[in-house]
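Taking the numbering used here, I'd label the letters of the sequence shown as residues 10 to 108.
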Amino acid sequence: MLGAIREASTHLGMLLRLARTEIRGNLRALAALVALFGGALLLVLTSLVLLLLALRDALAVLIGSEALAALIVALPFVVIAAILVLMSLQKLSLRSPEA
Numbered sequence: 010m011l012g013a014i015r016e017a018s019t020h021l022g023m024l025l026r027l028a029r030t031e032i033r034g035n036l037r038a039l040a041a042l043v044a045l046f047g048g049a050l051l052l053v054l055t056s057l058v059l060l061l062l063a064l065r066d067a068l069a070v071l072i073g074s075e076a077l078a079a080l081i082v083a084l085p086f087v088v089i090a091a092i093l094v095l096m097s098l099q100k101l102s103l104r105s106p107e108a
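Shown next, in the form of structure tokens:
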């Protein structure tokens, strides 16, 4: 009986070491994946900013005013931000919690 308990204890210890090793490997793979997606996101955001700057400059050449071109390019973002704020304020009602 005592031998079976020792064998089960040894087996459980080996199983826990194996699980720990697998979890470490999975965490390393996940960290690498997050780093790759983070780098891709950074490049996408940078290209979006550069595209918007190019659009502003092209529009400024067409209409002759950099300030007006900047307002035209920024207007859709302001409208979308306002809509999102209003939607979030509707979801975040300041009512007292019901008991």
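Just so you know, even glycine gets a beta-carbon here, dropped at the ideal spot from N, CA and C.
Please read these numbers as outputs of a predicted model, since none were measured by experiment.
Residue burial classification, A40 (beta-carbon count within 10 angstroms, cutoff 16): Taking the first residue of the sequence shown as 1, we reach residue 40 at position 31. A40 is exposed by the Cβ-count criterion.
Run the CB neighbour count on A28, radius 10 Å, all protein chains shown included, and call it buried at 16 or more, exposed below. By 1-based counting over the sequence shown, the position of residue 28 is 19. It is exposed - the Cβ of A28 has fewer than 16 other Cβ atoms within 10 Å.
Grouping DSSP H, G and I as helix and E and B as strand, with all else coil, what is S74? The residue you call residue 74 lines up with position 65 of the sequence shown. Three-state result, S74: coil.
How many angstroms separate the CA atom of S102 from the CA atom of I32? Residue mapping note: residue 102 aligns to position 93 of the sequence shown, counting from 1. Residue mapping note: residue 32 aligns to position 23 of the sequence shown, counting from 1. Approximately 41 Å between the Cα atoms of the pair.
If you measure between the beta carbons of L68 and A78, is that distance less than 8 Å? Taking the first residue of the sequence shown as 1, we reach residue 68 at position 59. Taking the first residue of the sequence shown as 1, we reach residue 78 at position 69. For L68 and A78, yes; Cβs fall inside 8 Å.
Would you mind giving the Cβ-Cβ distance between V82 and L64, rounded to the nearest angstrom? I have them listed as a contact below 8 Å. Counted from its first residue, the sequence shown places residue 82 at position 73. Counted from its first residue, the sequence shown places residue 64 at position 55. That pair is a contact at about 6 Å.
Quick check on DSSP: helix, strand or coil for M96? Translated into the one-based positions of the sequence shown, residue 96 becomes position 87. Reduced to three states, the DSSP call for M96 is helix.
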